[in-house]
Structure formats: C-alpha cells, structure tokens
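Protein chains: 2
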Amino acid sequence: MSIEKFQYSQAERDAIYRVIEERRDMRHFCGGTVEEKTLRKLLLAAHHGPSVGYMQPWRFIRITRPALRHSIHSLVNKEVLLTAEALGKRSDEFMQLKLEGILECAELLVVSLTPDRDQYILGRRTMPEMDLASTACAIQNLWLAARAEGLGMGWVSLFDPLELSNLLGMPDDCKPVGIFCLGPVNDFYDKPMLETNGWDNRRDLDTLVFENCWDSDKGNE
Amino acid sequence: MSIEKFQYSQAERDAIYRVIEERRDMRHFCGGTVEEKTLRKLLLAAHHGPSVGYMQPWRFIRITRPALRHSIHSLVNKEVLLTAEALGKRSDEFMQLKLEGILECAELLVVSLTPDRDQYILGRRTMPEMDLASTACAIQNLWLAARAEGLGMGWVSLFDPLELSNLLGMPDDCKPVGIFCLGPVNDFYDKPMLETNGWDNRRDLDTLVFENCWDSDKGNE
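As structure tokens, this is what we get:
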C-alpha cells in the first residue's frame with residue numbers, strides 16, 4: 000500500500016511533530032552568533048518552500064551594519080507606539096509585552112517579495128496574494144529548521160512597510176513581509192508568549208473544523 | 000552553550016531537512032482514504048502554526064459531499080480556462096500541465112480566513128495581510144506532516160474566491176485561501192512538477208540573498 004511505502008519511520012515522524020510543537024515566536028535572545036554554514040542551511044530550507052507557479056518570490060536581506068540595525072529598531076519602536084494608541088483599552092497590557100529582539104539577536108534578516116510579481120499569472124490571476132502565502136511557507140521552513148538547530152526566531156511585523164522599503168533601497172513594487180530576529184536564546188518559551196502573558200489562548204481544534212459549509216455558530220466564535 | 004543545549008539530535012535534524020526537501024505540491028492522487036486519527040494529527044500540526052497577535056485566523060472546511068466536490072471542480076475548471084487565456088503565448092504549455100487532483104484525492108479541504116479579522120490589531124495595523132501569512136505557515140506545517148505520513152498534498156489557487164465563498168456559505172468577509180487535495184499517491188515527484196515539465200527552474204540561492212540593501216543586479220533577475 001502506497002501510504003506505508005512513503006511513510007517516514009516513527010522516529011522521523013516524531014522529530015517532525017516535535018519541531019512543529021516546539022517552534023516558538025521568540026522575542027528574547029542572548030547575542031552570540033549563527034555559523035555561516037548553519038545560516039545557509041536555514042536559507043536553503045526556506046528556498047525549498049512551495050511557490051505558486053514556481054515563482055520563488057522570496058528575497059532575503061541580511062542586516063550586518065549595526066547602524067542599520069538601529070534604524071530598523073527605531074522604525075519598529077515608532078510603530079509600537081502607534082499600535083498601542085490604536086489598541087485603546089488593551090494598550091497598557093500591550094506595552095508590557097516584549098515585542099521584538101532586534102538589538103539582541105545574533106542575526107537580523109528582512110524578507111521581501113520581488114518587484115516583478117505581476118508577470119506571474121499561474122495560480123494568481125484571481126489570488127495575487129499567493130506570492131505572500133508562498134513566502135510565508137518558506138519562512139515556516141526556516142523557522143522549523145532554526146528550532147531544530149537550537150536557534151530561536153521571531154517574526155516582527157510592527158513596521159511601516161514603505162519606510163522599511165525606503166531604508167533598504169528597495170524598488171517601489173517590492174514588499175517587505177517581515178523583520179526576522181534569529182539566534183541563540185537562553186530558553187525557549189514553554190508555550191506561546193502571548194498565551195503565558197494572558198493575551199489570548201489556543202482555541203480548541205474542534206471549533207475550527209467544519210464540514211461542507213461554513214458553520215456560523217463555530218466560525219464566528 | 001545554549002545552541003547545543005537546544006539543538007535536536009543529528010537524526011532528528013536529518014528528518015526535518017528531509018521532509019522539507021521531499022515535500023511536493025501534488026496533483027496526482029490514487030483515491031484511497033486518510034485515517035481519521037491521521038487527519039486530526041495533520042490539522043493539529045496546522046493549528047500549531049504561528050499567528051500574528053495569536054489570532055489563529057485559520058478555519059478548515061472538510062468537503063465530504065461528492066456533489067460539492069464536483070461543484071468545486073467545475074469552479075476550478077472555469078478559472079483554468081480564464082488563466083489559459085490570460086497567459087497568452089504560454090497557454091498551450093499551461094494546458095498540458097496537470098493542475099489539480101480534486102476528483103481523485105482522498106480528502107478535500109478548503110482553508111479560509113475568519114470574518115472577524117479586523118478586530119486583531121497587534122502586528123497588523125500596517126500589515127493586515129499577516130493573517131494570510133500566519134495561515135500559510137499553518138498550512139506548511141500540515142504539508143510537511145502529511146509528507147511524513149506518506150500522504151501527498153496539493154494547494155490549488157485556481158478559483159474565484161467569491162464564488163468559492165458563496166458555494167460554501169461563508170460570510171462576506173471570510174477569505175478562502177486555497178483548495179487542498181490530500182491523500183495517498185502512487186509516487187511523489189522527484190522534483191517540483193513545474194521543474195520537470197520545463198515551466199521554470201529553481202533559482203540559485205546566492206541570487207536571492209542580499210546584504211544590507213536591495214541589490215538590483217540580483218533582485219530584479
């Protein structure tokens with residue numbers, strides 16, 4: 000039977016489920032470095048992500064200049080304050096959270112979509128945002144591989160994309176999708192940080208799965 | 000040193016890199032079934048995806064009615080023809096490709112974003128599309144877990160999202176992100192199908208990685 004033929008060993012499957020469960024969105028880092036060969040393995044893992052029409056829309060900008068890292072940090076801080084304002088009654092609670100580790104992480108990466116995306120039509124005529132979806136899948140590969148290597152990663156989306164784009168000299172039709180903090184950590188969170196801090200809880204899987212049509216009783220919470 | 004302390008064993012890391020490399024976007028399926036407990040493990044893997052502000056915006060609609068599967072197939076066929084038209088000189092080549100396995104796969108799933116997304120501001124004030132990015136990461140978890148279980152999966156984005164939304168009775172502000180074919184396969188592709196068929200090639204990683212700023216010589220191909 001074809002399933003057994005292609006199924007990985009129990010130990011391999013355990014490793015894969017383990018990394019899926021233990022991956023965390025990290026905000027606490029402890030400096031250090033990431034070896035060049037490890038960084039390359041992680042980027043290669045990302046580059047094995049799926050992509051709509053095989054467009055491979057992801058580009059990785061490695062930030063090595065300390066002054067540039069500080070500029071990115073300022074840009075994020077600005078958005079943190081604007082978000083706090085927009086959050087209204089939850090703003091105090093929000094400001095207690097650690098939201099990024101840009102100055103403490105070993106490596107800082109910005110991931111962007113390419114400027115030439117309009118020429119890719121396969122799977123995107125009615126769903127142009129599949130370029131972002133593909134890139135997010137690539138990032139998830141990188142995230143899982145990093146966790147297995149013992150490295151933390153955090154995805155920061157608290158920034159104005161146009162300002163970040165300008166800061167890094169990107170063409171107008173690029174689109175940065177995240178700032179990624181990567182590196183050694185003192186500890187991985189047991190649970191998602193936003194759960195530990197009481198921001199929200201993981202929903203019950205049964206409330207997320209419907210049959211044949213949308214179930215408003217479940218779907219709208 | 001913290002990296003070694005948190006690093007997975009060599010065998011575990013090998014399994015994780017293996018599944019990242021062997022995952023394929025499948026279009027050929029051979030019927031059969033997916034065990035309920037396996038399907039649940041895959042959905043749980045997805046539900047362990049990262050989500051911006053812990054919003055968990057993903058919902059899974061399992062299609063079990065044969066008539067509904069046929070309606071979804073028709074909707075995709077319609078978009079295939081419109082895409083062929085839009086592709087101009089590559090349309091004949093496109094029509095030679097196998098683009099979906101909706102009628103042959105064991106399980107058909109539609110994944111959608113929830114209608115209540117506007118209330119989530121953390122990490123989304125300037126980057127609202129992070130709901131889709133989170134959901135794509137969740138789907139990548141499912142995809143990797145499926146491959147390890149010996150099951151193929153294919154992401155189909157050839158459809159009009161509003162038509163699919165109407166067909167499944169979704170509220171207006173939901174957003175279907177893909178139709179997913181899942182199940183046993185006779186064989187996994189050695190390489191991405193679009194590479195084997197000459198549609199495109201995997202780019203060299205070095206052309207995708209920049210330092211400190213956009214490199215137009217590389218980035219614009």
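Protein sequences, first through last, are from chains A and B.
Heads up: the first sequence begins at 0 in numbering that gives the first Met the number 0, then just goes up one per residue.
Heads up: the second sequence begins at 0 in numbering that gives the first Met the number 0, then just goes up one per residue.
Virtual Cβ for every residue (Gly too), placed ideally from N, Cα, C.
> Roughly how many angstroms lie between the CA atoms of residue 148 (chain A) and residue 181 (chain A), to the nearest whole one?
Replying inline: Position 149 of the first sequence holds residue 148 (chain A). Position 182 of the first sequence holds residue 181 (chain A). Distance from the CA atom of residue 148 (chain A) to the CA atom of residue 181 (chain A), rounded to whole angstroms, is 11 Å.
> Any Cβ of chain B within less than 8 Å of the Cβ of residue 222 (chain A)?
Replying inline: Any property of residue 222 (chain A) remains undetermined from this structure, which presents chain A solely from 0 to 220.
>> For a test of the three-state rule: what should DSSP assign to residue 103 (chain A), helix, strand or coil?
In response: Taking the first residue of the first sequence as 1, we reach residue 103 (chain A) at position 104. DSSP, reduced to helix, strand and coil, places residue 103 (chain A) outside both helices and strands of the structure shown, so it counts as coil.
>> Within 8 Å of any Cβ in chain A, is that where the Cβ of residue 4 (chain B) sits?
In response: Mapped onto the second sequence, residue 4 (chain B) falls at position 5. Closer than 8 Å to some Cβ of chain A, the Cβ of residue 4 (chain B) qualifies, so yes.
> Can you tell me the Cα-Cα spacing of residue 29 (chain A) and residue 100 (chain A), whole angstroms?
Replying inline: Counting from one through the first sequence, the residue named residue 29 (chain A) turns up at place 30. Counting from one through the first sequence, the residue named residue 100 (chain A) turns up at place 101. Annotation: residue 29 (chain A) to residue 100 (chain A) spans about 9 Å, alpha carbon to alpha carbon.
> Do we get a CB-CB distance below 8 Å when we pair residue 139 (chain B) with the residues of chain A?
Replying inline: The residue labelled residue 139 (chain B) in the question sits at position 140 within the second sequence. Yes, residue 139 (chain B) lies at the interface with chain A (some Cβ there is under 8 Å from its Cβ).
> Between the beta-carbon of residue 184 (chain A) and the beta-carbon of residue 27 (chain A), is there less than 8 Å?
Replying inline: One-based indexing of the first sequence puts residue 184 (chain A) at position 185. One-based indexing of the first sequence puts residue 27 (chain A) at position 28. Yes.
> In chain B, which residues lie with their C-beta within 9 Å of the C-beta of residue 187 (chain A)?
Replying inline: Here the question's residue 187 (chain A) lines up with position 188 in the first sequence. Chain B residues near residue 187 (chain A): 5.
>> Tell me which residues share the same chain as residue 119 (chain B) and place their Cβ nearer than 8 Å to its Cβ, disregarding the 5 neighbours each side in the sequence.
In response: Position 120 of the second sequence, counting from 1, holds the residue named residue 119 (chain B). Within the same chain, residue 119 (chain B) has close Cβ partners 51, 52, 54, 56 and 130.
> Is DSSP giving residue 154 (chain A) helix, strand or coil here?
Replying inline: On the first sequence, residue 154 (chain A) is found 155 positions in, with the first residue counted as 1. Of the three classes helix, strand and coil, the one that applies to residue 154 (chain A) here is strand, per DSSP.
>> Which of the three DSSP states is assigned to residue 160 (chain A) in this structure?
In response: Taking the first sequence and counting its residues from 1, one reaches residue 160 (chain A) at position 161. Of the three classes helix, strand and coil, the one that applies to residue 160 (chain A) here is helix, per DSSP.
> Opposite residue 57 (chain A) in the DSSP bridges: which residues?
Replying inline: Here residue 57 (chain A) refers to the residue found at position 58 when the first sequence is read from its first residue. BP columns for residue 57 (chain A) point to A:112.
>> For the segment 166-181 of chain B, list every residue whose C-beta sits within 8 Å of some C-beta in chain A, in sequence order.
In response: 167, 168, 169, 170, 173, 176 and 177
> What span of residues does the alpha helix (DSSP H) with residue 77 (chain B) cover, start to end?
Replying inline: Translated into the one-based positions of the second sequence, residue 77 (chain B) becomes position 78. Residue 77 (chain B) -> alpha helix (DSSP H) spans 65-86.
> Where does residue 3 (chain A) fall in DSSP's three states?
Replying inline: Start at 1 with the first residue of the first sequence, and residue 3 (chain A) comes out as number 4. If DSSP states are grouped into helix, strand and coil, residue 3 (chain A) belongs with the helices.
>> So with CB distances below 9 Å, who are the chain A contacts of residue 158 (chain B)?
In response: Counting from 1 along the second sequence, the entry for residue 158 (chain B) is found at position 159. Proximity of chain A to residue 158 (chain B) at the Cβ level (cut-off 9 Å) is accounted for by 125 and 126, in chain order.
>> So with CB distances below 8 Å, who are the chain A contacts of residue 24 (chain B)?
In response: Position 25 of the second sequence, counted from the start, is the residue given in the question as residue 24 (chain B). Result: 49.
> Excluding five sequence neighbours on each side, which residues of the same chain lie with their C-beta closer than 6 Å to the C-beta of residue 44 (chain B)?
Replying inline: For this step, residue 44 (chain B) is matched to residue 45 along the second sequence. Excluding sequence neighbours, residue 44 (chain B) sits near 140, 141 and 144.
> From which residue to which residue does the beta strand (DSSP E) around residue 15 (chain B) run?
Replying inline: Within the second sequence, the letter at position 16 stands for residue 15 (chain B). Note, residue 15 (chain B): premise wrong, no beta strand (DSSP E); alpha helix (DSSP H) at 9-21.
> Among A:151, A:4, A:24 and A:128, which has the Cα closest to the Cα of residue 159 (chain B)?
Replying inline: As a first step, residue 159 (chain B) is located in the second sequence; it is residue number 160 there, counting from the start. Nearest option by C-alpha distance: A:128.
> Roughly how many whole angstroms lie between the Cα atoms of residue 202 (chain B) and residue 36 (chain A)?
Replying inline: For the purposes of this step, residue 202 (chain B) is taken as the residue at position 203 of the second sequence. For the purposes of this step, residue 36 (chain A) is taken as the residue at position 37 of the first sequence. Rounded to whole angstroms, residue 202 (chain B) to residue 36 (chain A) spans 19 Å at the Cα level.
> Is it true that the segment 168-181 of chain B meets the segment 4-23 of chain B, where meeting means three or more beta-carbon pairs spaced less than 8 Å apart?
Replying inline: no
> Which chain A residues sit within Cβ distance under 8 Å of residue 61 (chain B)?
Replying inline: Sequence index remark: in the second sequence, residue 61 (chain B) carries index 62 (1-based). 208, 209, 210 and 211, listed in chain order.
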